[in-house]
Each structure stands twice: as C-alpha cells, then as structure tokens.
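A quick write-up on the structure given underneath.
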Amino acid sequence: MKFDTLKHGYDYTGMPVDSLAHYWAPGVSRRLASRHWALTEVRSRIDLPAWKEFTADLPRDPYVNQRWKRMSWLALDENGEVQDMGHCPMAQGGAFNAAKSMADRLRYYEPLTPEFLGRADVKDFVCAWAKLWNLGPNEPILMQITGVRGQGLVDPLQGQGIHADGCKALSILVLKRENVTGGTNHLYADNGGSLPLLDATLEEGDILHLHDDRVYHSVDGISQEDPEAPFERFIIIINSRFVDDFQNRILRRHFPHAVLNETK
C-alpha cells in the first residue's frame, strides 16, 4: 500500500507563522476529502519510542478481556491550545457497538497521564489533528491509548466485526506492534463488507484517518508471530464530532458549554 508520506527537509527559516501548517502532507487532506480515508505516517513528527513507554502502565480494561486502556476528553481553547476537559465516561449506543460488554452502557476509564498530555509533541499532534478535521474551540476530542497483549488468538474488537464508532472524525495510530501476526485493518463502503476500500497492516507510527460516518472499518484477530513469546499491539484512537446520540447526551451532561455535533 502506498502511503501519503510526510515531507522532510523543510527550511525552517522560511516557516509560516502557523508551525503546524505542514504537519500533514498536502495529499492527506485532499484524499481524505475525496475518498473519505487517508493512510500516512506520523513517526517523523513524534518521539515514537517515548510514546510507546506510556503503554507500560495502562490499567486493564474492565469491560474487555486482555485489553488495556486510558482515555481523556480534550478540546482546543479560543487560543488554539489543548485543554483537558475533565472526566466524562465513554458511551456507545447499540447501533455503533454490538459487543454485549460495551453497548448501551457508560464505561469508565483512567485518564491519560499528565506526563503524556504535557508533552509538546502530543500537544502538536492533537492540534494538527484538529486542524486536519477543521475542529473549532470547545469541540470534545476523545483520545485513547488502548491495546491488547498476551498469548493465543485475540479479537481486539470483541465481536464487533465491521462497524462504525459513531463519529465523523476518526484516526487510528499504531503505537506498538511486537511479536504480532494479524491485526490487518480493513475499510469498506458498506457495513456488510461487500465493497472493500482498503486492506493494510499498519506498522508502528502509521496512522489511518477516516470519515467514520461514511466508511466502515474492522481489524483482523491478533496472535503471536513467535509462539514462545507474548504479543503486544497498542494504538491511539482519536475521534470527534459524534453522531451517537447516547454519547452526545453524556457529553452535554458533563460539559454543558461544549460544542457538540448534535443530530437532533
């Protein structure tokens, strides 16, 4: 799969005032607008080894076996700075999550650590992501570090299969992929899987952007490449502009002044 690669070797003496103007290659926003997805890489913009260290102390996901997770609600303020909005549970209606352990219920997770959110390259990533999606001030952004580790065969989607997450803006960044076979991402134009758009195995530092309200996605099961050692696959999921009414109701309850993509 040919990626929309980032450009290198800028002359920083002539950089525009907006230091994030060239964070993404020009082809990324164009292809995202025309075909509703874009695959690129971000390892040249972040300290990937440092980010990977934050997978070590993730708490176990209380709703999904063999998964670990932290999540936080973020937003840009009027000055374009990243702010931690505070606590709000994750909520997905049954129309967007078919897993019995997760659908139609409030899910509570530990937040991303201040050490992670305080990193300059994390703030730049969130700002550049918001710019890519044209997000304005006070629009809630859900950022998660999540993944699986262990032995045997694991379904990271817990039976969800081909699905949408219930938002308009969604990106998946692979942070860590060690001793993994499988875990190939798939995109489809329909939720039945009869209209495939992409099959790609994302490596560490690869990121997939997609219009979650226009394309559907899934990921294959994961197992060990070396059967004598455990595997680890961790990702960052970042999304915004929710079309799931359940999530929007919970967001409004916790953040009365947030700018929501309310469907009613």
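Under the numbering used here, the letters of the sequence shown match residues 9 to 272, in that order.
Even for Gly, the Cβ is constructed at its ideal location relative to N, Cα and C.
Given the structure is predicted, the values throughout are model-derived calculations rather than measurements.
- In the displayed model, R113 falls within coil according to three-state DSSP, outside both helix and strand.
- Of the residues G35, D65, L28 and V36, the one whose Cα lies closest to the Cα of R53 is L28.
- Relative to the Cα of G201, the nearest Cα in the group H219, G191, S226 and L210 belongs to S226.
- The C-alpha of E211 is placed about 11 Å away from the C-alpha of G190.
- Membership of E186 in the beta strand (DSSP E) is indicated by the continuous run C175 to E186.
- Secondary structure of N199 (DSSP, three-state): coil.
- Put simply, of F263, R157, N247 and L178 the residue whose alpha carbon is nearest the alpha carbon of A237 is R157.
- Counting only runs of at least 4 residues, the stretch 113-141 fully encloses the following alpha helix (DSSP H) elements, listed from N- to C-terminal order: 122-125 and 128-140.
- In this structure, the straight-line span from the alpha carbon of D55 to that of Y31 is close to 14 Å.
- Counting the other CB atoms within 10 Å of its CB gives L161 a total below 16, which places it among the exposed residues.
- L47 has L216 as its beta-bridge partners, per DSSP.
- Between the C-alpha atoms of P148 and A266 there is a straight-line separation of about 7 Å.
- Distance from the CA of D198 to the CA of P204, rounded to the nearest whole angstrom, comes to 8 Å.
- With a beta-carbon spacing of about 39 Å, D163 and G88 fall beyond the 8 Å limit used to define contacts.
- R222: not part of any beta strand (DSSP E); DSSP gives it neither H nor E.
- In the three-state reduction of the DSSP assignment, V72 falls in the coil class, being assigned neither a helical nor a strand state.
- The three-state secondary structure of D85, taken from DSSP, is coil.
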